[in-house]
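S.K.: Can you keep this structure in mind? I'll have questions shortly.
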Amino acid sequence: MLSFIGRRILIAIPTVILVSIFVFTLQKLLPGDPILVLAGEERDPQVIELLRAKYHLNDPLPIQYLAWAGQALQGNLGVSLRTGVPVMQLIKDKLPVTLQLAAMAMCFALLIGIPAGVMAAVRKGSAWDYGATALALWGLSIPNFFLGILLIFLISVQLNWLPASGYVPLSESVSQNLKTMIMPAFVLGNALAASMMRHTRSAMLGVLRQDYVRTARAKGLLEPRVILKHALRNALIPVVTIGTLLFGELLAGAVLTEQIFTIPGFGKLIVDAVFNRDYSVVQGVVLCTAVGYIALNLLADVLYVVLNPRLRTR
Amino acid sequence: MTSTTRGLHGLARATALAAGLLGLATAAHAQQQLRIGLAEDADALDPHQARTFVGRIVFTSLCDKLVDVTPDLKFTPQLATSWEWAPDNTSLTFHLREGVKFHDGEPFNAEAAKYNIERALTLPESRRKSEISSVQSVEVVDPMTIKLVLKKPDVTVLAQLSDRAGMMVSPKAAKEMGANLASKPVCSGPYKFVERVQNDRIVLEKFQDYWNKQAYSFDKVTYLPIPDSTVRLANLRSGDLDIIERLEPTDVKTAKSDANLATASAVGLGYQAININLNNGDKAKNPLGQNALVRQAFELTLDREALNQVVFEGQFSPGNQYFSPKNFYYDAKVPIPPRDVEKAKALLKQAGVPTPVSFEVTMSNSPRSQAVMQVIQSMAQEAGFDIKLRATEFATMLDEGTKGNFQANQYGWSGRPDPDGNIYGFVTCKGNLNDWKYCNPQVDKLLDEARTVADPNERKKRYDAAEEILAKDLPIIVIYHESWIWGMKKSLQGFQPHPDGMIRLAGVKKS
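Protein chains in written order, with UniProt numbering: chain A, 1 to 314; chain B, 1 to 511.
The structure is reproduced here in structure tokens:
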């Protein structure tokens, strides 16, 4: 098991290096001079020269990359060109916010998607199945930003139940935090719930036709036990793969959701950084996201092994 | 009990706990606090390093400056109680307010003021250098008087000191923290810094030793950046915010129809324009860039009032000069030309260019810019112009602008209280914002002279003369002046709209 994980990590290292080179060069190809944005409306020539020198933007690209990568290896991703705050600090501040949002969205997705998928598969062709499928179609089709604004108008402006946007840290007030996060988490989890439901349904349908399920039934096991213990456990393997991959997508979806609900998370950080040509923040955040994504894939591999012991021998 | 049912019970308990926690939401705060919705997040909170408009809104409560500006753009005392120019306008003396303290308890005096102006001129990260570059030295005349000695007569210095260049930070804190002062700014304004969470909020609390603290009624002021204008308004309507800036003109009706809300507006100091590449690289080589008659014809196709009605529901102000028609420096001899398609066609004929005259306008990808340009595109088409529109992201447009990679572009200027700030950099031969490379020595001479004359009437003569030349050369075709529109709770009393778009909290209270 350990050597399996070790091997996977070794494979991940070159991927991270490639990603870092890609991130660094790609963003230099972005049109627009960051210094023009940073220099402010007045574009004072003295300030422009000084900023170029300060951020080594006159150096050749490989030298810039090596300097950055060297610092990044030591955990220093530089400071935000816009506000002067260390990028590492920004990531530390913003990542938990987005992770909380994504985790809550995942909870919504699991709580809605898996039961609905199981029900749809077990009662295939019934009103349950059609109802769940229709709901999934709705969930997949409605864009995040539209659902978000719709909910803000309904729940915050008309009914005044929840704040329209903003964020209160968990450490400050748990109840206020949940109040601000529940709507965005639902919006973010919505599409995911729909695709979870579809995947669970098809996986369950496949598994329910298997011989061992028929055997379990023939043994006289109760139907809930057959479904939940025997069928669902196996059906969950592809769902876990999809789930971990979708978790990455959640982080991407969080970009829009955080913009709409003004949640100071990772997504909002990167969008603002791109628009302000805050190179160091974009580089740091994208690198972290990529490393996170690679780590999640690694986690998925490990989870397969946990769920399916046969893989351990390979 | 099976494991499944146990799981379900656990889930039910967790849901109940979450619901219970939600029910514990706290009610209204006892402290008088104000929550302000901003259209974007501020940058560095150090007045010498800062560059954003919203940053200035925060500084209005955080950092006092030597002089302030009234709604009719007159300079008024703040940290300086009075000032006088030397007869030849080569030095400016400020008499400073007694009994003022910085937020760290340090006293404000002539030494502190001198330190600040020198910091603005020398701090490597300072964005204020060019604004006060005519200052040669600062002399401490007595403990409460300073004298700014200038390299040459420059009356625009006073206006610069009414903004960030004139804001005073605590010398002790600035020496200790250097450029890092932005992380914990220490000024002398009515509110002091508490905390900042980037992209989320900036919190200030009332400074109890402020020299004019009775004018300020809130104990705590929180600025929340909410870029989406619809969401900003939704927050105001749901009661989460007390006041928002930059209400969209198209949302004014909605805000006015809400019984709990009020709106206020002021025509801004800036302008929005179409800038034409006259001499910056090969892209300038087209009839529009090379022939003033073609530019005049293009201007005549514009119906600025119709544009204002169609795109902005009449909330903005049509304009054709670098100052709005309400501004003292507006030249009444050059009024907004009415749309005249026939005359435009005649001018094109006179210019001898084949029609349609085709050119490309680069604009930012904001819905507003695109709507404006689409209306203009169809207006100009009738007179024989074929305009191609290219939407790009703002940073890219700026970059292309400096490199000359544009035929015409559409963007504006946020405006300055002194006329020089709205015009000099854009149309003088060596102006650092003159991306179109317009150069007319006569205009340069007039604008240079205007910098040396203190009497507003005398200065206006120079600006009028320059305006008359610029209205013919048309390197920049001003289209309209944006209004700052604020939405606020009706219970908020005493808010005074300023053309600089700042939110000044003196005299504002909740009824």
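Using N, Cα and C, we set each Cβ at its ideal position, and we do this for glycine too. Note that this is a predicted model, so its numbers are computed, not measured.
#1: Mind pulling the alpha helix (DSSP H) runs of 4 or more residues that sit fully within the region 132 to 181 of chain A?
#2: Give a yes or no on contact between the region 76 to 93 of chain A and the region 273 to 281 of chain A, applying the rule of three or more CB pairs nearer than 8 Å.
#3: Three or more C-beta pairs under 8 Å: does that hold for the region 256 to 263 of chain B against the region 455 to 469 of chain B?
#4: Count the other CB atoms within 10 Å of the CB of residue 420 of chain B; is the residue buried (16 or more) or exposed (fewer)?
#5: Quick check: the Cα distance between residue 441 of chain B and residue 450 of chain B, rounded to an integer number of angstroms?
#6: Just to confirm before moving on: does the CB-CB distance between residue 95 of chain B and residue 83 of chain B stay below 9 Å?
#7: Please tell me whether residue 190 of chain B and residue 223 of chain B are closer than 9 Å, where the distance is taken between their beta carbons.
#8: When burial is assigned at 16 or more other CB atoms within 10 Å of the CB, is residue 187 of chain B buried or exposed?
#9: Quick one, which of A/306, A/140 and A/267 has its alpha-carbon nearest residue 198 of chain A's?
#10: Run the CB neighbour count on residue 157 of chain B, radius 10 Å, all protein chains shown included, and call it buried at 16 or more, exposed below.
#11: Output the distance between the C-alpha atoms of residue 22 of chain B and residue 151 of chain A, rounded to the nearest integer angstrom.
#12: Does the beta-carbon distance from residue 169 of chain B to residue 143 of chain B come in below 9 Å?
#13: Which residues does DSSP list as the beta-bridge partners of residue 97 of chain B?
#14: Can you list, in chain order, the residues of its chain with a C-beta nearer than 8 Å to that of residue 26 of chain B? Leave out the 5 residues immediately preceding and following it.
#15: Applying the criterion that 16 or more other CB atoms from any shown protein chain within 10 Å of the CB defines a buried residue, is residue 1 of chain A buried or exposed?
#16: Suppose the cutoff is 7 Å on Cβ atoms and the five residues either side in sequence are ignored; what does the same chain contact list for residue 14 of chain B look like?
#17: The ligand MG heavy atoms versus the CB of residue 392 of chain B: any closer than 8 Å?
#18: In whole angstroms, what separates the C-alpha of residue 11 of chain A from that of residue 484 of chain B?
#19: When you compare the region 287 to 304 of chain B with the region 325 to 343 of chain B, are there three or more beta-carbon pairs, one atom per stretch, that lie closer than 8 Å?
#20: Got a sec, what are the start and stop residues for the alpha helix (DSSP H) residue 342 of chain B sits in?
#21: Just to confirm my understanding: we take residue 508 of chain B, look at its own chain, exclude 5 residues before and 5 after, and list those with CB closer than 6 Å. What are they?
#22: Is residue 486 of chain B buried or exposed, if buried means 16 or more other CB atoms sit within 10 Å of its CB?
#23: Quick one: Cα of residue 403 of chain B to Cα of residue 199 of chain B, how far?
#24: Which value, in whole angstroms, describes the spacing of the CA atoms of residue 97 of chain B and residue 433 of chain B?
#25: Hey, does residue 280 of chain B have any beta-carbon neighbour from chain A nearer than 9 Å?
#26: So, is residue 57 of chain B buried or exposed, given that buried needs 16 or more other C-beta atoms within 10 angstroms?
#27: Going by C-alpha distance, which of B/359, B/35, B/149 and B/377 is nearest residue 166 of chain A?
#28: At the level of alpha carbons, what is the spacing between residue 291 of chain B and residue 500 of chain B?
#29: Under 9 Å between the Cβ atoms of residue 268 of chain B and residue 414 of chain B?
#30: Which residue or residues does DSSP assign as beta-bridge partners of residue 262 of chain B?
#31: Beta-carbon of residue 65 of chain B versus every beta-carbon of chain A: anything under 9 Å?
#32: Excluding five sequence neighbours on each side, which residues of the same chain lie with their C-beta closer than 7 Å to the C-beta of residue 91 of chain A?
#33: Step through the CB atoms of chain C and report whether any lies within less than 9 Å of the CB of residue 83 of chain A.
#34: Using CA coordinates, which residue listed in B/105, B/150, B/288 and B/117 is at the minimum distance from residue 66 of chain B?
#35: Any chance the region 105 to 115 of chain A sits against the region 287 to 303 of chain A, with 3 or more Cβ pairs inside 8 Å?
#36: Determine the direct distance from the alpha carbon of residue 171 of chain B to that of residue 115 of chain B, and round the result to whole angstroms.
M.R.: Considering the structure as presented:
#1: 144 to 151
#2: yes
#3: no
#4: If you number the second sequence from 1, residue 420 of chain B lands on position 420. Result: buried.
#5: Along the second sequence, read from residue 1 onward, the residue named residue 441 of chain B stands at position 441. Along the second sequence, read from residue 1 onward, the residue named residue 450 of chain B stands at position 450. If you take the alpha carbons of residue 441 of chain B and residue 450 of chain B, they lie about 14 Å apart.
#6: As a first step, residue 95 of chain B must be located in the second sequence, where it is residue number 95. As a first step, residue 83 of chain B must be located in the second sequence, where it is residue number 83. Yes, they are a contact pair.
#7: On the second sequence, residue 190 of chain B is found 190 positions in, with the first residue counted as 1. On the second sequence, residue 223 of chain B is found 223 positions in, with the first residue counted as 1. Against a cut-off of 9 Å, the Cβ pair of residue 223 of chain B and residue 190 of chain B comes out as no contact.
#8: As a position in the second sequence, residue 187 of chain B is number 187, starting the count at 1. Result: buried.
#9: On the first sequence, position 198 is the one that residue 198 of chain A refers to. Minimum Cα distance to residue 198 of chain A is reached at A/140.
#10: Your numbering for residue 157 of chain B matches position 157 in the second sequence. Answer is buried; the Cβ neighbour count reaches 16.
#11: Position 22 of the second sequence, counted from the first residue, corresponds to residue 22 of chain B. Position 151 of the first sequence, counted from the first residue, corresponds to residue 151 of chain A. Per-residue confidence for residue 22 of chain B stands at a pLDDT of 40, beneath the threshold of 50, marking its modelled position as unreliable; the derived number appears in the next sentence. C-alpha separation (whole angstroms): 18 Å.
#12: Residue mapping note: residue 169 of chain B aligns to position 169 of the second sequence, counting from 1. Residue mapping note: residue 143 of chain B aligns to position 143 of the second sequence, counting from 1. Cβ distance not < 9 Å, so residue 169 of chain B and residue 143 of chain B don't count as in contact.
#13: Your numbering for residue 97 of chain B matches position 97 in the second sequence. Residue 97 of chain B pairs with nothing; no bridge assigned.
#14: Residue 26 of chain B sits at position 26 when you count from the first residue of the second sequence. With a pLDDT of 39 at residue 26 of chain B, under the threshold of 50, the predicted position of this residue should be treated as unreliable, though the coordinate-derived value follows. No residues qualify anywhere along the chain.
#15: In the first sequence, counting from the first residue as 1, residue 1 of chain A sits at position 1. Residue 1 of chain A comes out exposed.
#16: Taking the first residue of the second sequence as position 1, residue 14 of chain B is located at position 14. Summary for residue 14 of chain B: the model assigns pLDDT 44, below 50, so the residue's position carries little reliability; its value from the coordinates is reported in the next sentence. Excluding sequence neighbours, residue 14 of chain B sits near nothing in its chain.
#17: Ligands in the displayed structure: none, and consequently the ligand MG is not present.
#18: Numbered from its first residue, the first sequence carries residue 11 of chain A at position 11. Numbered from its first residue, the second sequence carries residue 484 of chain B at position 484. Their backbone Cα atoms lie some 56 Å apart in a straight line.
#19: yes
#20: Taking the first residue of the second sequence as 1, we reach residue 342 of chain B at position 342. Its alpha helix (DSSP H) spans residues 341 to 351.
#21: Locating residue 508 of chain B in the second sequence gives position 508, counting from the first residue. Only 494 and 495 meet the Cβ criterion.
#22: Within the second sequence, the letter at position 486 stands for residue 486 of chain B. Buried, by the Cβ-count rule.
#23: Counting from one through the second sequence, the residue named residue 403 of chain B turns up at place 403. Counting from one through the second sequence, the residue named residue 199 of chain B turns up at place 199. Residue 403 of chain B and residue 199 of chain B: Cα-Cα distance of roughly 32 Å.
#24: As a first step, residue 97 of chain B must be located in the second sequence, where it is residue number 97. As a first step, residue 433 of chain B must be located in the second sequence, where it is residue number 433. If I take the Cα positions, the gap works out to 36 Å.
#25: Walking along the second sequence from the start, residue 280 of chain B turns up at place 280. No, residue 280 of chain B does not count as interfacial toward chain A.
#26: Position 57 of the second sequence holds residue 57 of chain B. Looking at its Cβ environment, which holds 16 or more other Cβ atoms inside 10 Å, residue 57 of chain B is buried.
#27: On the first sequence, residue 166 of chain A is found 166 positions in, with the first residue counted as 1. Selected option, being the one with the closest Cα: B/35.
#28: Numbered from its first residue, the second sequence carries residue 291 of chain B at position 291. Numbered from its first residue, the second sequence carries residue 500 of chain B at position 500. So the alpha carbons of these two residues sit roughly 35 Å apart.
#29: Locating residue 268 of chain B in the second sequence gives position 268, where the first residue counts as 1. Locating residue 414 of chain B in the second sequence gives position 414, where the first residue counts as 1. Cβ atoms of residue 268 of chain B and residue 414 of chain B: closer than 9 Å.
#30: The residue labelled residue 262 of chain B in the question sits at position 262 within the second sequence. DSSP, once it has assigned bridges, lists B/488 as partnering residue 262 of chain B.
#31: Working through the second sequence from its first residue, we reach residue 65 of chain B at position 65. Output row for residue 65 of chain B: interface = no.
#32: As a first step, residue 91 of chain A is located in the first sequence; it is residue number 91 there, counting from the start. Cβ neighbours of residue 91 of chain A beyond the five flanking positions: 284, 285 and 288.
#33: Any reference to chain C falls outside this structure, whose protein chains are A and B.
#34: Counted from its first residue, the second sequence places residue 66 of chain B at position 66. Comparing Cα-Cα distances from residue 66 of chain B to each of B/105, B/150, B/288 and B/117, the minimum goes to B/117.
#35: no
#36: The sequence position of residue 115 of chain B within the second sequence is 115, counting from 1. The sequence position of residue 171 of chain B within the second sequence is 171, counting from 1. Roughly 7 Å between the two C-alpha positions.
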